[in-house]
Amino acid sequence: MTAPPAPKPARSPSAITAVLALSGTLVALMQTLVVPLLPDFPRILAVTADDASWLVTATLLASAVATPIVSRSADMYGKRKMMVACLAIMVAGSVMAALGGTFLWLIIGRALQGFSASLIPVGISIMRDELPKEKMGSAVALMSATLGIGSAMGLPLAGLLYESLGWTSIFWVSAAAGTLLLLAVVLVVPESRVRTPGRFDYAGALVLSAALGSLLLAISKGGAWGWGSEPVLLLFLAAALLLAAWIPYELRVGQPMVDLRTTARRPVLMTNLASLLIGFAMFANMLLTTQQLQLPHATGYGFELNVIMAGLCMVPSGLAMVVFAPVSGGIIRRFGGRAALMAGAGVMIAGYVGRVFFYDSITWVVIGSTVVSIGTAIAYAAMPTLIMGAVPITETASANGLNSLVRSIGTATSSAAVAAVLTSVTIPLGAARLPSLEAFRDVFWMAALASAASVLAAVFIPRAAHRTAAEKPAVPAAAELVVQGRVLAPDHRPLTPAVVTVLRTEGEPVDWSRVDSDGNYSVALSGAGKYLVVANAAGWAPMAEVFDFDGRTLKQNFLLHERLEIGGRAAVGGEPVAGAVVTLLHATGEHVATARTDDDGVYTLPLPAAGRYIVTMLHPVTHQAVARKLAVDNRSLTVDLSAEPVQGNGTVQATARRAGGEPVPA
Numbered sequence: 080m081t082a083p084p085a086p087k088p089a090r091s092p093s094a095i096t097a098v099l100a101l102s103g104t105l106v107a108l109m110q111t112l113v114v115p116l117l118p119d120f121p122r123i124l125a126v127t128a129d130d131a132s133w134l135v136t137a138t139l140l141a142s143a144v145a146t147p148i149v150s151r152s153a154d155m156y157g158k159r160k161m162m163v164a165c166l167a168i169m170v171a172g173s174v175m176a177a178l179g180g181t182f183l184w185l186i187i188g189r190a191l192q193g194f195s196a197s198l199i200p201v202g203i204s205i206m207r208d209e210l211p212k213e214k215m216g217s218a219v220a221l222m223s224a225t226l227g228i229g230s231a232m233g234l235p236l237a238g239l240l241y242e243s244l245g246w247t248s249i250f251w252v253s254a255a256a257g258t259l260l261l262l263a264v265v266l267v268v269p270e271s272r273v274r275t276p277g278r279f280d281y282a283g284a285l286v287l288s289a290a291l292g293s294l295l296l297a298i299s300k301g302g303a304w305g306w307g308s309e310p311v312l313l314l315f316l317a318a319a320l321l322l323a324a325w326i327p328y329e330l331r332v333g334q335p336m337v338d339l340r341t342t343a344r345r346p347v348l349m350t351n352l353a354s355l356l357i358g359f360a361m362f363a364n365m366l367l368t369t370q371q372l373q374l375p376h377a378t379g380y381g382f383e384l385n386v387i388m389a390g391l392c393m394v395p396s397g398l399a400m401v402v403f404a405p406v407s408g409g410i411i412r413r414f415g416g417r418a419a420l421m422a423g424a425g426v427m428i429a430g431y432v433g434r435v436f437f438y439d440s441i442t443w444v445v446i447g448s449t450v451v452s453i454g455t456a457i458a459y460a461a462m463p464t465l466i467m468g469a470v471p472i473t474e475t476a477s478a479n480g481l482n483s484l485v486r487s488i489g490t491a492t493s494s495a496a497v498a499a500v501l502t503s504v505t506i507p508l509g510a511a512r513l514p515s516l517e518a519f520r521d522v523f524w525m526a527a528l529a530s531a532a533s534v535l536a537a538v539f540i541p542r543a544a545h546r547t548a549a550e551k552p553a554v555p556a557a558a559e560l561v562v563q564g565r566v567l568a569p570d571h572r573p574l575t576p577a578v579v580t581v582l583r584t585e586g587e588p589v590d591w592s593r594v595d596s597d598g599n600y601s602v603a604l605s606g607a608g609k610y611l612v613v614a615n616a617a618g619w620a621p622m623a624e625v626f627d628f629d630g631r632t633l634k635q636n637f638l639l640h641e642r643l644e645i646g647g648r649a650a651v652g653g654e655p656v657a658g659a660v661v662t663l664l665h666a667t668g669e670h671v672a673t674a675r676t677d678d679d680g681v682y683t684l685p686l687p688a689a690g691r692y693i694v695t696m697l698h699p700v701t702h703q704a705v706a707r708k709l710a711v712d713n714r715s716l717t718v719d720l721s722a723e724p725v726q727g728n729g730t731v732q733a734t735a736r737r738a739g740g741e742p743v744p745a
């Protein structure tokens with residue numbers, strides 16, 4: 080028996096929310112602080128403009144690689160531990176960039192800053208573990224809103240620091256902010272007790288990292304290198320080949336980097352698809368707004384603001400996201416994540432359609448940007464809620480990490496698409512060519528269509544998918560218990576694939592878990608008490624039993640006793656036939672399984688998936704044969720195959736019945 084650790088003193092939910100939400104601001108700052116300096120970095124560092132763009136690309140690639148790895152590690156080794164590690168790496172990268180003095184050191188520092196992106200999915204998972212259920216929706220919405228604040232403040236803050244203290248000051252400020260947040264996490268955020276033990280999938284992580292790096296590098300550099308250039312095409316090909324190898328490997332490995340079977344569930348798959356589209360639409364808002372505000376008056380739609388003023392015009396959008404955080408939480412509590420996602424995307428559609436027609440004043444630009452940001456805040460709050468309601472509690476960080484990664488791919492694609500449109504639909508202005516108004520309108524329509532497509536994706540999310548998230552946990556998280564064990568056959572060998580589901584005795588869902596290749600499962604319970612546990616493995620009758628978990632025993636194995644099979648006896652003239660060949664065919668002719676009868680004429684075949692089949696018996700000596708149609712469901716079948724001894728061809732009979740004795744229809 081394993082005793083749980085002694086409970087730690089309760090931490091303030093408000094303080095936990097504030098600290099975790101600030102991490103969203105820090106993540107956004109890491110993405111935007113260098114953007115205003117990109118035009119000057121070629122002169123400062125004596126590099127080309129394309130080289131300087133690596134200061135953004137390095138962070139993007141590092142964040143894409145780090146997010147799934149850190150998120151999976153958080154589920155396995157501790158969420159606060161991974162937050163502290165990411166903040167320490169980010170601080171080290173900031174100091175390195177400030178002190179390095181060369182372009183190479185700056186690139187390395189920016190790559191290390193990319194680890195901060197993992198703070199978002201891990202922080203949201205900590206909120207699920209530590210906050211009361213009635214506060215989780217608003218807390219997730221606030222964390223999503225702080226992303227907007229960070230993005231809005233990053234541009235003017237970077238401009239002020241650069242003009243006042245020099246370019247290294249932005250990295251010193253990043254290091255100071257990261258250090259303060261690291262101390263706050265250590266002092267305020269408790270370590271979650273919800274963990275999934277096991278082996279880390281190093282091979283899966285390596286291949287996924289290479290695939291993501293190739294994909295995002297091709298997307299981010301396609302415009303500069305040429306979409307049809309050899310390097311870009313080779314990168315896309317490498318990404319496709321690596322993913323083609325990675326997917327079947329992840330389906331085979333016992334403890335995968337990403338549980339693709341869970342990811343393929345409709346609530347998770349459709350939410351991730353919506354995340355990709357929302358990420359595309361959201362990023363277009365920031366890119367277009369800042370560009371339109373800075374373009375010359377001579378274009379007919381620009382306002383010729385400097386970087387600082389353009390950044391300040393983004394502040395209302397960020398503030399609106401914070402103001403609407405409680406509204407987002409209320410929508411999620413009342414109507415569920417699916418409705419919130421659709422509502423947020425609908426607001427984004429309205430904002431973008433409005434921007435197509437209202438663009439001739441700064442006020443209209445700010446209003447349009449703010450409306451889109453409000454929709455983004457609502458949608459961003461809904462997505463983690465939907466994800467956490469559809470995956471095992473012990474895998475929330477990994478699932479949120481994948482969702483965050485998918486969203487990042489959407490933003491990277493948006494950046495490339497916006498750049499492609501703005502550089503292809505242009506007007507002459509002096510010796511230069513600048514984007515035309517039609518280019519901006521085209522992108523507004525693209526973003527509106529992406530938002531509409533996300534609504535369509537949300538339609539396919541099951542309506543009840545949000546209930547599990549809304550009801551977990553039902554008691555304060557400090558009482559949450561993690562129970563582990565194995566699903567075993569009567570001979571104590573592990574059964575796979577198998578799933579363990581836990582419900583309260585009132586029938587409300589608590590958690591579920593897939594077993595790994597060794598039959599291990601891990602579920603989180605909302606405190607000590609009685610729970611209904613259902614264990615199900617392929618080819619075995621399920622087990623359902625009420626267990627009283629007292630909080631002291633955290634190990635529980637489940638034995639499945641009844642194997643589902645087709646079995647029976649082969650006989651001729653009432654005498655058993657040893658060595659007869661019994662074959663199971665699908666009704667469409669495909670071979671399913673073959674067995675031989677033992678000395679008593681008995682055979683067994685594994686029970687196939689439900690459907691119509693044919694079972695045949697071939698006498699090993701006389702070659703008499705019998706065939707029988709079967710309708711297979713999820714119950715064991717007894718199919719006796721009998722024949723009368725005859726010379727040559729004769730009449731052969733077969734009878735089929737279920738384990739309880741009732742006949743089986745043909």
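Residue numbers 80 to 745, in my numbering, belong to the letters of the sequence shown in order. Glycine included, every Cβ here is placed at the ideal spot set by N, Cα and C.
Look at the alpha carbon of residue i and the alpha carbon of residue j, and state the distance between them as a whole number of angstroms.
{"i": "leucine 481", "j": "alanine 145", "result": "11 Å"}
{"i": "alanine 289", "j": "valine 485", "result": "16 Å"}
{"i": "isoleucine 95", "j": "serine 102", "result": "11 Å"}
{"i": "glycine 283", "j": "leucine 198", "result": "22 Å"}
{"i": "methionine 349", "j": "alanine 704", "result": "50 Å"}
{"i": "leucine 116", "j": "serine 91", "result": "39 Å"}
{"i": "glutamate 270", "j": "serine 152", "result": "14 Å"}
{"i": "tryptophan 184", "j": "alanine 196", "result": "20 Å"}
{"i": "threonine 368", "j": "asparagine 385", "result": "13 Å"}
{"i": "serine 132", "j": "valine 538", "result": "39 Å"}
{"i": "valine 497", "j": "phenylalanine 182", "result": "27 Å"}
{"i": "tryptophan 306", "j": "alanine 317", "result": "15 Å"}
{"i": "threonine 695", "j": "valine 337", "result": "42 Å"}
{"i": "alanine 107", "j": "serine 142", "result": "12 Å"}
{"i": "proline 335", "j": "alanine 323", "result": "15 Å"}
{"i": "glycine 238", "j": "leucine 244", "result": "10 Å"}
{"i": "leucine 226", "j": "leucine 716", "result": "58 Å"}
According to DSSP, is residue i helix, strand or coil?
{"i": "serine 91", "result": "coil"}
{"i": "phenylalanine 120", "result": "helix"}
{"i": "phenylalanine 628", "result": "strand"}
{"i": "glycine 658", "result": "coil"}
{"i": "aspartate 521", "result": "helix"}
{"i": "isoleucine 540", "result": "coil"}
{"i": "valine 386", "result": "helix"}
{"i": "threonine 138", "result": "helix"}
{"i": "arginine 412", "result": "helix"}
{"i": "lysine 551", "result": "Its pLDDT being 47, under 50, lysine 551 is placed unreliably by the model, and the measurement read from it follows with that caveat. Coil at lysine 551, not helix or strand."}
{"i": "phenylalanine 279", "result": "coil"}
{"i": "valine 347", "result": "helix"}
{"i": "glycine 292", "result": "helix"}
Output needed for residue i: all residues of its chain with C-beta closer than 7 Å, excluding positions within five of it in sequence on either side, in chain order.
{"i": "valine 451", "result": "Asn364, Met427, Gly430, Tyr431"}
{"i": "aspartate 154", "result": "Arg274, Thr275, Thr473, Glu474, Ala476, Ser477"}
{"i": "methionine 215", "result": "Met206, Arg207"}
{"i": "isoleucine 203", "result": "Val219, Met222, Pro463, Asn479"}
{"i": "valine 562", "result": "Val602, Leu604, Phe628, Leu633, Gln635"}
{"i": "asparagine 615", "result": "Ala577, Val578, Pro621"}
{"i": "valine 37", "result": "The structure shown does not extend to residue 37, since the chain is modelled only from 80 through 745, so no value can be given for it."}
Looking only at its chain, what residues have a beta carbon closer than 6 Å to the beta carbon of residue i, apart from the 5 residues adjacent to it on each side?
{"i": "alanine 556", "result": "Its pLDDT being 45, under 50, alanine 556 is placed unreliably by the model, and the measurement read from it follows with that caveat. Correct list, in chain order: Asp208, Glu209."}
{"i": "valine 681", "result": "Arg648"}
{"i": "serine 592", "result": "Pro471, Val579, Tyr600, Ser601, Val602"}
{"i": "phenylalanine 194", "result": "Ala145, Cys165, Ile168, Met169"}
{"i": "valine 126", "result": "Phe182"}
So, under 8 Å CB-CB, residue i and residue j are touching, yes? Tell me the CB distance rounded to an integer number of Å.
{"i": "alanine 623", "j": "leucine 639", "result": "Going by Cβ atoms, the distance from alanine 623 to leucine 639 rounds to 11 Å, so no, they are not a contact pair."}
{"i": "serine 299", "j": "leucine 139", "result": "6 Å"}
{"i": "glycine 397", "j": "aspartate 597", "result": "Not confirmed; about 48 Å, so no contact."}
If I measure Cβ to Cβ from residue i and keep anything under 8 Å in the same chain, skipping five residues before and after, which residues do I get?
{"i": "alanine 607", "result": "Ala558, Leu560, Phe628, Asp629, Gly630"}
{"i": "tyrosine 109", "result": "Inspection of the sequence shows that residue 109 is occupied by methionine rather than by tyrosine. Cβ neighbours of methionine 109 beyond the five flanking positions: Thr138, Met169, Gln192, Gly193, Ser195, Ala196, Ser253."}
Going residue by residue through the segment 562-625, where are the continuous alpha helix (DSSP H) segments of at least 4 residues, counting only ones entirely within it?
Those alpha helix (DSSP H) runs which fall completely within the segment 562-625 and span 4+ residues do not exist here.
Length-filtered (4 minimum) alpha helix (DSSP H) runs lying within the segment 310-343
Fully enclosed alpha helix (DSSP H) runs of 4 or longer: 339-342.
Which residue spans inside the segment 232-274 form an unbroken alpha helix (DSSP H) run of at least 4?
Complete alpha helix (DSSP H) runs here, min 4: 248-267.
As an exercise, report each continuous beta strand (DSSP E) stretch of at least 3 residues that is fully enclosed by the segment 658-695, in chain order.
Every beta strand (DSSP E) stretch that sits fully inside the segment 658-695 and reaches 3 residues is listed by chain position as 660-665, 670-675, 681-685.
Could you tell me which whole alpha helix (DSSP H) segments of length 4 or greater appear in the segment 415-480?
As far as the segment 415-480 is concerned, its whole alpha helix (DSSP H) runs of at least 4 residues are 416-436, 441-469.
Ordered list of alpha helix (DSSP H) runs contained in the segment 198-225, each at least 4 residues
Runs found: 198-209.
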